[in-house]
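A quick write-up on the structure given underneath.
Number of protein chains: 2
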Amino acid sequence: MIVKHGMNYLTVLNSARNHKLAPPLAVLRRQQFLIRVLGVRGENRMQGSKFEADSDNILRAITPVFDPNRHKGQAGKVAVIGGCREYTGAPYFAAISALKIGADLSHVFCTKDAAPVIKSYSPELIVHPVLEESYSVGDRDKDHISRRVVAEVDKWMERFDCLVVGPGLGRDPFLLDCVSEIIKQARQSNVPIIIDGDGLFLVTNNLGLVSGYPLAILTPNVNEYKRLVQKVLNCEVNDQDAHGQLLSLAKQIGGVTILRKGKCDLISDGEIVKSVSNHGSPRRCGGQGDILSGSVAVFLSWARQLILADEGNLIISPTNPTMLGCIAGSALLRKAASLAFEDRKRSTLTTDIIECLGRSLEDICPAC
Amino acid sequence: MIVKHGMNYLTVLNSARNHKLAPPLAVLRRQQFLIRVLGVRGENRMQGSKFEADSDNILRAITPVFDPNRHKGQAGKVAVIGGCREYTGAPYFAAISALKIGADLSHVFCTKDAAPVIKSYSPELIVHPVLEESYSVGDRDKDHISRRVVAEVDKWMERFDCLVVGPGLGRDPFLLDCVSEIIKQARQSNVPIIIDGDGLFLVTNNLGLVSGYPLAILTPNVNEYKRLVQKVLNCEVNDQDAHGQLLSLAKQIGGVTILRKGKCDLISDGEIVKSVSNHGSPRRCGGQGDILSGSVAVFLSWARQLILADEGNLIISPTNPTMLGCIAGSALLRKAASLAFEDRKRSTLTTDIIECLGRSLEDICPAC
């Protein structure tokens, strides 16, 4: 599409500058957009040739086929820890995305202020108003309130296939202390944990919470990744050796899986590195990371279920469920974002992308 | 559809494993899905041949024809007892489903925390913030608050055609004590009661609440049924004699009606057993049981109204209004779930199914 009537893009551009019969601005802008998009794809293809994950096939392999003998809960029970006085959208995005992909039950554990708002977004979610922030807790009550908060979440823990910690969590010190304890409980119960948003702030300052836990996934964006690299590797981000640095980082944190979000998503568990660079959307509206964390939670649960059931007969690679979950989640979000952008263009919002999750999944992996 | 080009399904599968020209994964998955669905249908047909209810005809027979002389309330007034700090979606699903099927008025009695949220889901519902949980009641106040709560519900009791007890009720001991009293009042007023969700937890631990009441319906899912069988029959669920065991269970609880939810719904009042195995949806997202309880409430009200008016001239079988309500409710939910799944596939949620209730009813029983 760049070559038009025997002229390449630059010829068209120069011709536009020098002649009165220049193509209208809209055409030029469309051409500029295309060259950028195609450029990015070409670059990724070069970069990712040996690392690029076979993401659509992985997604198909781990998504369970429907079975009428199954009952409620067997397709996944996910919980999001997040939602405070300031943030209510993020935990909703993560939790509703999990349902839209196919989980049977999606819970949110948030503060009392946040709960009625998150509930009002959707009657499909089960929202527990159990977290507390410093402003509502006296110093003398902190110990017993902390114990109560942790116990409230812990009584549900065994039922969850995956925990997402961080969307809209905020940075209140008392709340984060409670969440540290919740992470410890999840680890004891062998429940996979995805750490995103403010959860990454917490974990970057206390790496012991996840270090050495193979069922932990960190999903940093550009700034969160920078802080993580500085903290763990004691250096700056090195984009010349992005794969190698990510591998070292994941290894250094004891084999957790890291999904480094970007133009092309890079994923490593300290053993291998994979990239997902399928076409997405150029819109960077807030909330897409929350869709990703909710999606990864579901795919990780399915991959783990499959691996536990198959006992080694899997024909897909990689075989680490956290890697598989990240690859499938990244691929699905990219497809949904691309469909939403096709339809909504500049006004694409996170809710539009969520509305495209079902169609995207159906395109890649038809239900029947 | 399983036999393709002279090969059966296993041949196809083996051929796929052994040859380079294997069918693509998507084709195999589709075949696996079909073999399961067809297998189940075949099994149900065998199992259900003599038990299968004539559900569409029953639904048509009990759904009232429109009459311009009727006034508000005559098509049904339903109340849901449920909704607490944690759960607000479930009572909403039950109450709005009742309206979407054709009830004139739908009430919800819930806790003070839950009320604004449930109200915010829909202006169509009448939501009473009257229930109380232990955390908001001091020990010394319990007696008079309990009396007040029960009186608040009781002053409405005579107006209701049916009560649904349990969706999103929670398990707070004080709240459940109040609900026990509400059930007793409903029984005294001869108001039919459908017990679902946490209501079943309450009733399984106190069978006297419903035992011997012919206008009670219990709607257990797989786990709730297991607990009920253990408690009442002192044994495990026996799927080899599912019909016989359900019959014994209903008889043992003094002729209440039990709708055992599953791949095929089984219904018994201790006298007969009927099954509904129409095609539904393979999605098991939470909330479908709430649609069912709201639907059964409406159909039971209509069947009872019809039976009381006809005084024995009914030409349908069975003639017990609780059986008729369960059969029609189950058939309608299955049709709506099937339509929603056709459209939304893996991302089908409970609200999507509710949106299909009207069209499903119209397909089976056109309004005019």
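Those sequence lines, one after another, are chains A and B. The numbering of the first sequence is the UniProt record's numbering, which starts it at 1 and goes up by one. The numbering of the second sequence is the UniProt record's numbering, which starts it at 1 and goes up by one. Where a beta carbon is used, it is the ideal one built from N, C-alpha and C, also for glycine.
query                                                                                                                                                                              : result
In chain order, what residues of the same chain have a beta carbon less than 7 Å from the beta carbon of lysine 251 of chain B, not counting five sequence neighbours either side? : Gly270
So with CB distances below 8 Å, who are the chain A contacts of threonine 219 of chain B?                                                                                          : Those do not exist, as threonine 219 of chain B stays about 13 Å from chain A at its closest Cβ, beyond 8 Å.
For the segment 153-170 of chain A against the segment 75-84 of chain A, are there 3 or more C-beta pairs whose distance is under 8 Å?                                             : yes
Could you tell me the distance, in whole angstroms, from the CA atom of isoleucine 145 of chain A to the CA atom of glutamate 86 of chain A?                                       : 21 Å
Flag tyrosine 292 of chain B as yes if its beta-carbon sits less than 8 Å from any beta-carbon of chain A, otherwise no.                                                           : Looking at the sequence shown, residue 292 of chain B is not tyrosine but leucine. Not one chain A Cβ lies under 8 Å of leucine 292 of chain B.
Determine, using beta carbons only, whether threonine 322 of chain B comes closer than 8 Å to chain A.                                                                             : no
Excluding sequence positions up to five away, which residues of its chain have a Cβ less than 6 Å from the Cβ of tyrosine 121 of chain A?                                          : Tyr92
With a 10 Å radius around its C-beta and 16 neighbouring C-beta atoms as the bar for buried, classify glycine 6 of chain A as buried or exposed.                                   : Here glycine 6 of chain A scores only 37 on pLDDT, less than 50, and its place in the model is too uncertain to base an answer on.
Could you say which of B/Leu218, B/Asn278, B/Cys285 lies nearest to isoleucine 253 of chain B if we only look at CA atoms?                                                         : B/Leu218
For the alpha helix (DSSP H) that lysine 345 of chain A lies in, which residues bound it at each end?                                                                              : No alpha helix (DSSP H) holds lysine 345 of chain A; DSSP gives it neither H nor E.
Our contact map puts valine 164 of chain A next to alanine 53 of chain A with C-beta atoms below 8 Å; I'd like the distance itself, whole angstroms only.                          : So it is not a contact: roughly 21 Å between Cβ atoms.
How about aspartate 161 of chain A and arginine 284 of chain B: do their beta carbons lie closer than 8 Å?                                                                         : no
Using a Cβ cut-off of 8 Å, which residues of the segment 324-342 of chain A contact any Cβ in chain B, in chain order?                                                             : none
Does the beta-carbon of phenylalanine 174 of chain B have 16 or more other beta-carbons within 10 angstroms, so that it is buried, or is it exposed?                               : buried
State the Cα-Cα distance for the pair aspartate 310 of chain B and glycine 280 of chain B, rounded to the nearest angstrom.                                                        : 33 Å
Indicate the three-state DSSP secondary structure (helix, strand or coil) for residue 417 of chain B in the structure shown.                                                       : As displayed, chain B neither begins before 1 nor continues past 368, which places residue 417 of chain B out of reach and without an answer.
Please look up how many angstroms separate the CB atoms of serine 330 of chain B and aspartate 265 of chain B, rounded, as I've assumed it's under 8 Å.                            : 4 Å
Please confirm if arginine 260 of chain B has its CB atom under 8 Å from at least one CB of chain A.                                                                               : no
Can glycine 166 of chain B and glycine 199 of chain B be called in contact, C-beta distance under 8 Å?                                                                             : yes
Under DSSP, the alpha helix (DSSP H) around aspartate 310 of chain B begins and ends at which residues?                                                                            : 288-310
What in chain A is Cβ-close to cysteine 285 of chain B, meaning under 7 Å?                                                                                                         : Leu99, Asp104
Within 8 Å (strictly less), CB to CB, does phenylalanine 93 of chain B reach chain A?                                                                                              : yes
Which ranges does the alpha helix (DSSP H) cover as unbroken runs of at least 4 residues, wholly within the segment 133-191 of chain B, from first to last along the chain?        : 142-157, 173-188
With the cut-off set at 8 Å, would you say residue 412 of chain B and alanine 328 of chain B are in Cβ contact?                                                                    : Because chain B here runs from 1 to 368, residue 412 of chain B falls outside it and cannot be looked at.
Rounded to whole angstroms, what is the Cα-Cα separation between valine 191 of chain B and leucine 215 of chain B?                                                                 : 7 Å
Do you know offhand how far valine 137 of chain B's Cα is from cysteine 178 of chain B's?                                                                                          : 13 Å
Glutamine 240 of chain B: beta carbon under 7 Å from a heavy atom of the ligand GDP?                                                                                               : This structure lacks the ligand GDP; in fact it carries no ligand of any kind.
Exposed or buried, which one is glycine 244 of chain B when buried takes at least 16 other CB atoms within 10 Å?                                                                   : exposed
Please name the residues in the segment 151-179 of chain B whose beta-carbon is closer than 7 Å to at least one beta-carbon of chain A, in chain order.                            : none
In the DSSP assignment, find the alpha helix (DSSP H) that holds phenylalanine 201 of chain B and state where it starts and stops.                                                 : 198-204
Pick out whichever of B/Arg346, B/Ala336, B/Ile193, B/Arg344 has its Cα sitting closest to the Cα of residue 374 of chain B.                                                       : The requested residue 374 of chain B is not part of the displayed model; chain B covers only 1 to 368.
Using a Cβ-Cβ cut-off of 7 Å (strictly less than) and excluding sequence neighbours within five positions of valine 149 of chain A, which residues of its own chain qualify?       : Val130, Leu131, Glu132, Cys178
Which first and last residues belong to the alpha helix (DSSP H) in which phenylalanine 93 of chain B is found?                                                                    : 89-101
Comparing the C-beta of serine 86 of chain B with each C-beta of chain A, is any distance below 8 Å?                                                                               : The question names serine, but residue 86 of chain B is glutamate in the sequence shown. Yes, glutamate 86 of chain B lies at the interface with chain A (some Cβ there is under 8 Å from its Cβ).
Would you kindly check if the distance between the Cβ of leucine 59 of chain A and the Cβ of leucine 332 of chain A is under 8 Å?                                                  : yes
I'd like the list of long-range same chain contacts for isoleucine 62 of chain B, defined as Cβ closer than 7 Å, with 5 residues on each side in sequence excluded.                : Phe299, Trp302, Ala303, Leu306, Leu324, Ala328
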